[in-house]
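Just below is one structure, and these are the notes that go with it.
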Amino acid sequence: MTAHPVKILFVASEVESLAKTGGLADVAKALPLALKEHGQDVRIIMPFYKTINRHDEAEKILDLSLQTSHGCQDIDYAVFKLMLEDVPVYLIQQNDYFERDQLYSEGEFAYDDNGERFTFFSRAVFQVAEALEFKPDIFHCNDWHTALIPYLLKQKFAHHPFFCNSKSVLTIHNAAFQGIFEKHQFQLLEGLADGLVDQILDGYNCINLLKAGIRFADKINAVSPNYAQELLTRLGSHGLCDYFEQRRGDLVGILNGCEYSDWDPATDKYIPTNYSAADMSGKAVCRQELQVETDLAQLNVPIFGMVCRLTEQKGFYLLLPALQQFLRHNVQVVIVGTGDSGIVAELESMQKQWPDKLRFIHAYSNEMAHLVEAGADFFLMPSLFEPCGLNQMYSLAYGTLPIVRGVGGLRDTVSDYDEDAENATGHIFYDPEPADLLNILRRALLLYLEHPEEFQAMRHRAMLSRFHWKESVWQYEALYNDALNVNPVQHQ
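Once you know that position 268 of the sequence shown is 268 in full-length UniProt numbering, the rest is easy, because the numbers rise by one and skip nothing.
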């Protein structure tokens, strides 16, 4: 813990247990709680969505109005407050922007005014902080939705008496999503859009919000060390290599922790019986229940599970051709998820082709996700890229050996059997080719069938591995201290 608490305003578009679409929400809950436990003065601020959980518990604390220019009408909004354990959460309510059925999109189509929505949110964050008399030492921003805040801090509030000593940290959860919008969506910046520097433009008519954050944040971190290195390469940077390279000295990788209170087979309330590394007998019960729930025959064959969003990022163009060959073996495969309609159609067609071996559950079910983690023998994550990943951490905890592509946080958390059998916790392949995935699937199958003692040793070793937030929080505190010591002209 630092000598004096750091005042941190944690700015996020979603927070687990309140509103969630992905892993960003998990971090936006767990990291502030860990920082609070370390004695830091941390507050969370996020939009007050129509669909937010605990909606009726929120207490209204402020009525504010954001002044605009360029002929735009001033925007009235309210601020509500909830407590997330002992961390205050401030919720910005503005019905035109946030009273919608989803956070960012309707189905597969993003809201066409997302640039304006999150420009308003970012601009309002400063007004709310000042109204609450909470002077942040650090604005901790997350992904493109809040990446405009470092720009505003440097360009609009650099000499503001309330914010002139504040610094910003930007966490990159997924640089593939950059927030690229036409300039007209930024009228709420009160003329600042006219002076936006070339480095954050995409073409002549669009602004890239993530570029703004990369350009102006005092410090930047990716959610795993390996992903931070990938962001410095042409292949792994999602087109932003030059921008990350310019900030190489300010870019670090900090591995996300895992919230084991929700994902521990010894206490999991969603599985039929609990088990641990010391007594794994309950895993066989979970395996049988998974077969019952999915109407698969109760055969003694390995079960390969997968729970994810059905997107290209998750490696389905590798997986689908590989499965066509792999399902010829004596195996069972269970895939759970929602997403891309084309992937859904292919999985449904493949299930008809292999009715005794493949089950595709087109739904998001937290209960089924837990049952797959507990009941499967292997967990599939053939991702094209994976900044950190959480499911491989859950799988390790449940003794369900991950089969992953060696990218991002997957490489940082899984030890490969072929590289180091004595310390292995899973299987890794590297080339993004169906043949390479098929090969590693067959390697895993052979291990299960021909070397059961080694398989059980790997399973036990996997269950003992842990990735706790208490380890990552020290690195974030060091990053904050580095940001607070940044020379204001260092990267202007």
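Cβ coordinates follow ideal geometry from the N, Cα and C atoms, glycine included.
Relative to the C-alpha of Thr119, which candidate in Met83, Phe181, Ala78 and Glu130 has its C-alpha closest? Checking every option, the nearest Cα to that of Thr119 belongs to Phe181.
Is the separation between the beta-carbon of Tyr49 and that of Phe126 shorter than 7 angstroms? Against a cut-off of 7 angstroms, the Cβ pair of Phe126 and Tyr49 comes out as no contact.
On the DSSP letters alone, give me the boundaries of the alpha helix (DSSP H) that Val344 sits inside. For Val344, the enclosing alpha helix (DSSP H) stretches over residues Ser341 to Gln353.
Local Cβ density within 10 Å of Asp420, reported as buried at 16 or more and exposed below that: For Asp420, the number of other beta carbons within 10 angstroms of its own is below 16, and it is reported as exposed.
Got a sec, what are the start and stop residues for the beta strand (DSSP E) Leu210 sits in? In the DSSP assignment, Leu210 falls outside any beta strand (DSSP E) and lies within the alpha helix (DSSP H) extending over Leu209 to Phe216.
Counting only runs of 3+ residues fully inside the segment 55-131, write out the beta strand (DSSP E) ranges in chain order. DSSP runs (the beta strand (DSSP E)) wholly in the segment 55-131: 59-66, 75-84 and 87-93.
Can you find the residues in the same chain that come closer than 6 angstroms, C-beta to C-beta, to Ala217, ignoring five residues on each side of it along the sequence? The residues are Pro150, Ser168 and Leu170.
Residue 501 and Lys29 closer than 7 angstroms at C-beta: Since the first residue shown for the chain is 1 and the last is 492, residue 501 is missing from the structure and cannot be characterised.
Rounded to whole angstroms, what's the CA-CA distance from Ala478 to Arg247? Just pull it up for me. Going by C-alpha positions, Ala478 is about 18 angstroms away from Arg247.
When the Cα atoms are used, what is the spatial distance from Leu371 to Gly337? Approximately 14 angstroms between the Cα atoms of the pair.
Span separating the alpha-carbon of Asp242 from that of Trp469: For Asp242 and Trp469, the distance between alpha carbons rounds to 31 angstroms.
Proximity of Phe109 and Gln93 at Cβ, strictly below 7 angstroms: 7 angstroms or more divides the Cβ of Phe109 from the Cβ of Gln93.
Alpha carbons only, please: which of Ala369, Asn95, Pro88 and Met83 is nearest the one belonging to Ile75? Measuring from the Cα of Ile75, the nearest candidate turns out to be Asn95.
If you draw a straight line from the alpha carbon of Gly236 to that of Leu318, how long is it in whole angstroms? When rounded, the separation of the alpha-carbon atoms in Gly236 and Leu318 is 18 angstroms.
Buried/exposed call for Cys308, threshold 16 Cβ in 10 Å: Counting Cβ neighbours within 10 Å, Cys308 comes out buried, since at least 16 surround it.
Leu323 lies in the alpha helix (DSSP H); which residues open and close that run? Start and end: Phe316 to Phe326.
Does the structure place the segment 219-237 close enough to the segment 253-262 that three or more beta carbon pairs sit under 8 angstroms? The segment 253-262, when compared against the segment 219-237, does touch it at the 8 angstroms Cβ threshold.
What whole-angstrom Cβ distance do Phe316 and Leu441 have, given they're in contact under 8 angstroms? About 14 angstroms; that fails the 8 angstroms criterion.
Quick check: the segment 266-279 against the segment 445-457, are at least 3 beta-carbon pairs closer than 8 angstroms? Not touching, per the Cβ criterion.
Which partner residues does Ile52 have in the DSSP bridge list? Secondary-structure assignment with DSSP links Ile52 through no beta bridge to anything.
Pull up the CB-CB distance for Pro137 and Lys7, whole angstroms please, since I reckon it's below 8 angstroms. Here residue 137 is Asp; the residue named in the question, Pro, does not match the sequence. About 5 angstroms separates the two Cβ atoms, so the contact holds.
Examine the Cβ distances between the segment 405-417 and the segment 337-346 and report whether three or more of them are shorter than 8 angstroms. Contact between the segment 405-417 and the segment 337-346 is absent: fewer than 3 CB-CB pairs across the two stretches fall below 8 angstroms.
Same chain, Cβ closer than 7 angstroms to Lys60, neighbours up to 5 away in sequence not counted: Excluding residues within five positions, the ones whose Cβ falls inside 7 angstroms are Ala78 and Phe80.
What number of angstroms, rounded off, separates the C-alpha of residue 493 from the C-alpha of Ile335? Residue coverage of the chain in this structure runs from 1 to 492, which leaves residue 493 outside it and unanswerable.
Limits of the alpha helix (DSSP H) - the one that Asp264 falls within: Where Asp264 is concerned, there is no enclosing alpha helix (DSSP H), given that its DSSP letter is neither H nor E.
Which residues DSSP lists as bridging Lys167, in chain order: Residue pairing from DSSP places Lys167 in a beta bridge opposite Ile138.
Give every residue of the same chain whose Cβ lies closer than 8 angstroms to the Cβ of Arg461, excluding the five residues on either side of it in the sequence, and list them in chain order. Counting only Cβ-Cβ distances below 8 angstroms, and skipping sequence neighbours, we find Asn423, Ala424 and Thr425.
Look at Pro272 and Val292 and say whether their C-beta atoms are less than 7 angstroms apart. No, they are not a contact pair.
Keeping to the same chain, check which residues put their C-beta closer than 7 angstroms to that of Phe467; ignore five residues upstream and five downstream. If we look at Phe467 and ignore the five residues flanking it on each side, its Cβ neighbours are Leu255, Gly257, Cys258, Met393 and Thr413.
Does the Cβ of Thr233 have 16 or more other Cβ atoms within 10 Å, making it buried, or fewer, making it exposed? Only exposed fits Thr233, as fewer than 16 other CB atoms lie within 10 angstroms of its CB.
Let me confirm a value: Leu464 is counted as buried when at least 16 other C-beta atoms fall within 10 Å, else exposed. Which label applies? With fewer than 16 other Cβ atoms within 10 Å, it is exposed.
First through last residue of the alpha helix (DSSP H) which encompasses Asp436: Here the alpha helix (DSSP H) through Asp436 covers Pro434 to Glu450.
Can you list, in chain order, the stretches of the beta strand (DSSP E) that have 3 or more residues and sit fully within the segment 364-418? Secondary structure in the segment 364-418: the beta strand (DSSP E) runs of 3 residues or longer, each lying completely within the stretch, are 378-381 and 401-405 in chain order.
Pull the bridge partners of Arg359 from the DSSP assignment, please. DSSP output for Arg359 lists Val334 as bridge partner(s).
Give the DSSP-derived three-state secondary structure of Gly239 in the structure shown. Looking at Gly239 - three-state DSSP - the assignment turns out to be coil, as it is neither helix nor strand.
What is the DSSP secondary structure of Ile271, counted as helix, strand or coil? Looking at Ile271 - three-state DSSP - the assignment turns out to be coil, as it is neither helix nor strand.
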